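In our numbering, the protein residues as written are 421 to 588.
Following this line, the structure appears as structure tokens:
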């Protein structure tokens, strides 16, 4: 999806509920910064409560370079980037909560009001975090092996995955 103002790729999807109508905006980082800082450009739609909320949550004081660097930050275990997380809304492995802790904390607090899990966990079929992380890593390596047509390596990885799954 492209920015509604300049047609660069949209990285911010804003739904403004402050007026009588629902306003959905799809903006690039630069246009989102302009929209959320109305004092810089008087022609932008004024939404002070939305501005305050998103400025805190998304840390829009960052430069475009810092945002690009954050998007390229990659988990060393599963290989997911922060950009992929933002696009898909899913993390790749349990280690991502540790690796992206600084970026995820405001989001978790906003959604759950806490940053620690409290509640039930599955009793059967649940892998420990290490096994789960290993499964994710092996599946990712197997996918790469298949893409590069290294079927021998892919079959070995498949066998390792089956061994871990049988233990769990």
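Cβ atoms here follow ideal geometry from the backbone N, Cα and C, with glycine treated the same way. It should be emphasised that the depicted structure is a prediction, and the values quoted were computed from it without experimental measurement.
Boundaries cannot be given for residue 430, as no alpha helix (DSSP H) includes it and DSSP labels it neither H nor E. Take residue 452, set aside five residues on each side of it, and the residues of its chain with a beta-carbon closer than 6 Å to its own are 432, in chain order.
In the DSSP annotation of this structure, the continuous segment of the beta strand (DSSP E) that includes residue 446 starts and ends at 443-447. Shown here, residue 566 sits in a helix according to DSSP, grouped into three states. About 4 Å separates the beta carbons of residue 443 and residue 436, which is inside the 8 Å limit, making them a contact pair. If you draw a straight line from the Cα of residue 501 to the Cα of residue 553, it is about 16 Å long. Setting aside the 5 residues that flank it on each side, residue 561 is surrounded in the same chain by 577, each with a C-beta closer than 7 Å to its C-beta; the list follows chain order. In the three-state scheme derived from DSSP, where H, G and I count as helix and E and B as strand, residue 500 is classed as coil. Close CB contacts of residue 493 within its chain, under the 6 Å cut and outside five residues either way in sequence, are with 502 (chain order). In the structure shown, residue 494 falls within a strand segment according to DSSP collapsed to helix, strand and coil. Per DSSP, the continuous alpha helix (DSSP H) segment holding residue 586 begins and ends at 571-587. Residue 447 and residue 430 do touch by the CB rule: their CB atoms are close to 6 Å apart, below 8 Å.
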